[in-house]
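Residue numbers (our numbering), protein chains in the order written: chain A, 917 to 1075; chain B, 917 to 1075; chain C, 917 to 1075; chain D, 917 to 1075; chain E, 917 to 1075; chain F, 917 to 1075. Positions of the beta carbon are idealized from the N, C-alpha and C atoms, including for glycine. Working notes, structure below.
Number of protein chains: 6
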Amino acid sequence: MRQPVAVYPGSFDPPTNGHLDIIVRATHLFPKVIVAVTDNSNKNPTFTLQERKKMIAEAVRRYPTVTVDTFSGLLVDYMTRKKASVIIRGLRAISDFEYEFEMALMNRRLNKRIEAVFLMPDEAYTYLSSSLVKEVFSLGGSVSGLVPESVEKSLKRSG
Amino acid sequence: MRQPVAVYPGSFDPPTNGHLDIIVRATHLFPKVIVAVTDNSNKNPTFTLQERKKMIAEAVRRYPTVTVDTFSGLLVDYMTRKKASVIIRGLRAISDFEYEFEMALMNRRLNKRIEAVFLMPDEAYTYLSSSLVKEVFSLGGSVSGLVPESVEKSLKRSG
Amino acid sequence: MRQPVAVYPGSFDPPTNGHLDIIVRATHLFPKVIVAVTDNSNKNPTFTLQERKKMIAEAVRRYPTVTVDTFSGLLVDYMTRKKASVIIRGLRAISDFEYEFEMALMNRRLNKRIEAVFLMPDEAYTYLSSSLVKEVFSLGGSVSGLVPESVEKSLKRSG
Amino acid sequence: MRQPVAVYPGSFDPPTNGHLDIIVRATHLFPKVIVAVTDNSNKNPTFTLQERKKMIAEAVRRYPTVTVDTFSGLLVDYMTRKKASVIIRGLRAISDFEYEFEMALMNRRLNKRIEAVFLMPDEAYTYLSSSLVKEVFSLGGSVSGLVPESVEKSLKRSG
Amino acid sequence: MRQPVAVYPGSFDPPTNGHLDIIVRATHLFPKVIVAVTDNSNKNPTFTLQERKKMIAEAVRRYPTVTVDTFSGLLVDYMTRKKASVIIRGLRAISDFEYEFEMALMNRRLNKRIEAVFLMPDEAYTYLSSSLVKEVFSLGGSVSGLVPESVEKSLKRSG
Amino acid sequence: MRQPVAVYPGSFDPPTNGHLDIIVRATHLFPKVIVAVTDNSNKNPTFTLQERKKMIAEAVRRYPTVTVDTFSGLLVDYMTRKKASVIIRGLRAISDFEYEFEMALMNRRLNKRIEAVFLMPDEAYTYLSSSLVKEVFSLGGSVSGLVPESVEKSLKRSG
Chain A
917 MRQPVAVYPG
927 SFDPPTNGHL
937 DIIVRATHLF
947 PKVIVAVTDN
957 SNKNPTFTLQ
967 ERKKMIAEAV
977 RRYPTVTVDT
987 FSGLLVDYMT
997 RKKASVIIRG
1007 LRAISDFEYE
1017 FEMALMNRRL
1027 NKRIEAVFLM
1037 PDEAYTYLSS
1047 SLVKEVFSLG
1057 GSVSGLVPES
1067 VEKSLKRSG
Chain B
917 MRQPVAVYPG
927 SFDPPTNGHL
937 DIIVRATHLF
947 PKVIVAVTDN
957 SNKNPTFTLQ
967 ERKKMIAEAV
977 RRYPTVTVDT
987 FSGLLVDYMT
997 RKKASVIIRG
1007 LRAISDFEYE
1017 FEMALMNRRL
1027 NKRIEAVFLM
1037 PDEAYTYLSS
1047 SLVKEVFSLG
1057 GSVSGLVPES
1067 VEKSLKRSG
Chain C
917 MRQPVAVYPG
927 SFDPPTNGHL
937 DIIVRATHLF
947 PKVIVAVTDN
957 SNKNPTFTLQ
967 ERKKMIAEAV
977 RRYPTVTVDT
987 FSGLLVDYMT
997 RKKASVIIRG
1007 LRAISDFEYE
1017 FEMALMNRRL
1027 NKRIEAVFLM
1037 PDEAYTYLSS
1047 SLVKEVFSLG
1057 GSVSGLVPES
1067 VEKSLKRSG
Chain D
917 MRQPVAVYPG
927 SFDPPTNGHL
937 DIIVRATHLF
947 PKVIVAVTDN
957 SNKNPTFTLQ
967 ERKKMIAEAV
977 RRYPTVTVDT
987 FSGLLVDYMT
997 RKKASVIIRG
1007 LRAISDFEYE
1017 FEMALMNRRL
1027 NKRIEAVFLM
1037 PDEAYTYLSS
1047 SLVKEVFSLG
1057 GSVSGLVPES
1067 VEKSLKRSG
Chain E
917 MRQPVAVYPG
927 SFDPPTNGHL
937 DIIVRATHLF
947 PKVIVAVTDN
957 SNKNPTFTLQ
967 ERKKMIAEAV
977 RRYPTVTVDT
987 FSGLLVDYMT
997 RKKASVIIRG
1007 LRAISDFEYE
1017 FEMALMNRRL
1027 NKRIEAVFLM
1037 PDEAYTYLSS
1047 SLVKEVFSLG
1057 GSVSGLVPES
1067 VEKSLKRSG
Chain F
917 MRQPVAVYPG
927 SFDPPTNGHL
937 DIIVRATHLF
947 PKVIVAVTDN
957 SNKNPTFTLQ
967 ERKKMIAEAV
977 RRYPTVTVDT
987 FSGLLVDYMT
997 RKKASVIIRG
1007 LRAISDFEYE
1017 FEMALMNRRL
1027 NKRIEAVFLM
1037 PDEAYTYLSS
1047 SLVKEVFSLG
1057 GSVSGLVPES
1067 VEKSLKRSG
């Protein structure tokens, strides 16, 4: 068996400690992990594609098997180009579950060779999301401990 | 990174095509997969531990990286003995989700180095379970296509 | 189109006002409704098959298109004998949802011509179940308004 | 009992094979089925009301008991005008479940004579939705097998 | 123990009888209840902050222990200013559950002394929401019995 | 307003740190909290009623407003005798949610003056249950940190 390359796709707008937790777990499972930031320009992200890529890159610097990239178009097409066959996704809650299954079944339909693998973040991050981080920050709350330090700084610069 | 050994634990009372589907997916992800049948003697299984082990062994014969084993006691202790660090579990429905998370968090607490990985079976098996198979069979219905052939024969012998 | 005959299967151990609510709704949809009490002798019911049949029969007396019957074996086989093609089921809560879908998909697999139709009981009965009725009654609570009068009497006789 | 007329309301933006699956099942249950496209102009649909109506009409051409219509205002008022008493809805997932129940209870409150009937699509369509179809198409993916042919053509013309 | 002051925060755009039901229940539990209308100007509410405050104030006039207020910024900061330590929230459905838990865990993180308390509205309001009220009203349906009278009048004036 | 007495009912077979977490939260909300161990002799508990009462009593010794009691029969009847009007329940997961709502609506029906209040345990206890504790212990795993010390000792004595 050739060891599979894993891709962890997402908006990461911004990345949280929950995302970082999943990335680290993925490095224990697969020899190469690509964090793939999606160019969902239509979703009107708070941070630009390059900002998001840079925030993750800083946060994962000490994990040599992790690379950070951006992509547009279909995830399965991107993965084919990267010779990757595993999609990493974090599952925190029931609402994740249904959305993730919908996406996973669609991706499987588009390319049968690609497998989705769901990991469970630390329970401390069960209810942590990028949008909640932004809401708390915008209302003047501290997001320390919820996001990597580099993200906290970026939020303060952008705020 | 040493490539992790994966364990797929369960009762498999009896194994279904949904279980087999997960096993095959696991072989695409990890170089070695151990199907570990649990000796849950207190759960009053329909088939003996050895019968269940044998049914799976027949069903996975053409997958050389899969071995079938039995275990009793804590899963994490068994995995330590086997130098395995990945638990494979199938996620079909919301009710699975909560039970699986409870077990995964407990296992993580018992041994932080062990990671649970959730896979999604083919949608044709979304609502397939061992107990439903037994119920249909006991009422005289055909379980062809729901279980491996060897299991169908065993059910007929036992019926 | 021949008008379909509908079957409302269940344990009805005992029937509740929630069951009755579903039966009445079904009579507005289909010209003939058969309430089919299942002989789940392995489930160790509180009331005998005949008691359950009689309790429903008394409760639906004024609905001329409803008949009450018992069956054993596979529901789809019973329906074929009865030339019925519609299964009626009440959906109250999420936990119902998953169980009902599992059963409906299995029945569809066993007989493609049979369709499951889900109805929503009055919200007053959303959280009403036979087991809860029995628990409340056994602890000395009033079940008036939760079950048909004939059932209340039976409970008192049996208590 | 007068046989009830059934209405299958929705946005159908665009119609999918999951919608079509529900329509066909409804024709087995009720002698007359009206697919009622809602003029939800505030939801900023991708296709115009007339385009959506036309796409469905082409897809259901061979089902003589199905008619396609458009409506605005309250569904229950439309149904009263059409002398229809049954609302058909497909239930795919938990998230559907809660939304559908909310709508069904509200409609019941607005008109007690109207009954909502929930059908289960083929499991192949469990996780199929109009929005997912549009997302996949917009990213360059094939939606063949997910939507009726007429819809695929419309998507290509509009794309 | 000093008796805790309870805050019931929300958008109340507009308040419904479900909200009122929760307020009344809260008055049976805590000696002082503050209904705190959030100035979520970014959510583009239908009614202004002052209109929403006034509608609630009229609806709760006969409950002397209830006061109505507005706030902006973090809820926990507002509560500290008010010396309040209990957040009241209504739980109607699964989708509420996950959102509410996410918010409650975040608030607990921001201030450990603040406790979220979940109450269950009357089952008649299980599926009632402000957005559904607005949708029904905008389509010409009656919302009588779903909202306090003062709200019904406001809707008619605004309509 | 007379300050309400709160009852926290349950099997506590055995009590866990999750139960203890809820008890402590309740003491911040209500001046008097009664932990009421249910005599569910039909559920075949692992520990006797008196053992369970004693284990909780030891664990809550330093909370002067907490008393521990046992009861049989209907909870609402017990509460009337105790002049208590608030039921405390912990909500950890979706499956809790539906069961708890069913019970709460039934209790409300049996006695309208009694209010159920749901609290959220620390996220570290989200997936902790008495049955999981017993399973882990019986398989030889450590339950340290999952249950109060007195319970750990009792488990060891009983094991």
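* Asked: In terms of residues, what are the limits of the alpha helix (DSSP H) holding R936 (chain A)?
  -> Sequence check: residue 936 (chain A) is Leu here, not Arg. It spans 933-945 - the alpha helix (DSSP H) in which L936 (chain A) sits, taken as one unbroken run.
* To do: Find the nearest neighbour of M995 (chain B) within the set B:N1027, B:R1005, B:S1066, judged by alpha-carbon distance.
  => B:N1027
* Below 8 angstroms between beta carbons: does that hold for P920 (chain B) and A975 (chain B)? -> no
* Asked: Applying a beta-carbon distance threshold of less than 7 angstroms, which residues of chain B neighbour V1033 (chain A)?
  -> L945, V1033, L1035
* **CB contact check: G1057 (chain A) to chain E, cutoff 8 angstroms** => yes
* Asked: Between the beta-carbon of K969 (chain F) and the beta-carbon of S927 (chain F), is there less than 8 angstroms?
  -> no
* To do: Rounded to whole angstroms, what's the CA-CA distance from A922 (chain D) to L965 (chain D)? Just pull it up for me.
  => 21 angstroms
* Can you round the beta-carbon distance between I882 (chain D) and V984 (chain D) to whole angstroms, since I take them to be within the 8 angstroms contact cut? -> Because chain D in this structure spans residues 917 to 1075, residue 882 (chain D) falls outside the shown range and cannot be described.
* Asked: Where in the region 1020-1075 of chain F do unbroken runs of the alpha helix (DSSP H), each at least 4 residues long, occur, reported from the N-terminal end onward?
  -> 1046-1054, 1065-1074
* Going by CA-CA distance only, name the one from E:V1067, E:S1054, E:S1060 that's closest to S988 (chain D). => E:S1054
* Residues that DSSP places opposite T954 (chain D) in a beta bridge -> D:F987
* **As assigned by DSSP and simplified to three states, the class of Y1015 (chain E)** => helix
* To do: Could you give the DSSP three-state label for P924 (chain C): helix, strand or coil?
  => Correcting the residue identity first, residue 924 (chain C) is Tyr in this sequence and not Pro. Here Y924 (chain C) sits in strand by DSSP.
* Asked: Which residues does DSSP pair with V1002 (chain C) in a beta bridge?
  -> C:A922, C:E1031
* **Nearest to R1073 (chain C) (by Cα), restricted to the options C:F1013, C:M1019, C:D1038, C:M971** => C:M971
* Are the CB atoms of T932 (chain D) and Y979 (chain D) nearer to each other than 8 angstroms? -> no
* To do: Label P1082 (chain D) either buried or exposed according to how many other C-beta atoms from any shown protein chain fall within 10 Å of its C-beta, with 16 as the threshold for buried.
  => Since the displayed chain D opens at 917 and closes at 1075, residue 1082 (chain D) lies outside it and no answer follows.
* Anything in chain B within Cβ reach of M995 (chain C), meaning under 8 angstroms, just list it in chain order. => By Cβ distance, chain B contributes nothing, its closest Cβ being about 13 angstroms from M995 (chain C), past 8 angstroms.
* **Cα-Cα separation, L1062 (chain F) to G934 (chain F)** => 8 angstroms
* Asked: Going straight from the alpha carbon of R997 (chain D) to that of L990 (chain D), what length do you get?
  -> 11 angstroms
* **Where V982 (chain E) falls: helix, strand or coil (DSSP)** => strand
* Do you know how far the Cα of E1031 (chain B) is from the Cα of R918 (chain E)? -> 46 angstroms
* Opposite K948 (chain A) in the DSSP bridges: which residues? -> A:V921
* Mind checking which residues open and close the alpha helix (DSSP H) that includes A973 (chain D)? => 965-975
* Quick one: which chain B residues come within Cβ less than 9 angstroms of F1017 (chain C)? -> A1009, T1042, Y1043
* How many Å lie between D1012 (chain D) and G1057 (chain C) at the Cα? -> 36 angstroms
* **P961 (chain A) vs G1006 (chain A) beta-carbon contact at 8 angstroms** => no
* Counting only the same chain and skipping the five closest in sequence on each side, list residues whose C-beta sits under 6 angstroms from that of T1042 (chain D). => R1008
* To do: Please say whether L1071 (chain C) and M1022 (chain F) have beta carbons closer to each other than 8 angstroms?
  => no
* Reduced DSSP category for D929 (chain A) - H, G, I as helix; E, B as strand; rest coil -> coil
* In whole angstroms, what separates the C-alpha of D937 (chain B) from that of F1017 (chain C)? -> 20 angstroms
* To do: Determine the direct distance from the alpha carbon of Y1015 (chain C) to that of P925 (chain D), and round the result to whole angstroms.
  => 26 angstroms
* For T996 (chain C), which three-state DSSP category applies? -> helix
* **chain B contact residues for E1039 (chain D), given Cβ-Cβ distances below 8 angstroms** => E1039, A1040, T1042, Y1043
* **Pairwise C-alpha distance: E1039 (chain F) and E1051 (chain A)** => 21 angstroms
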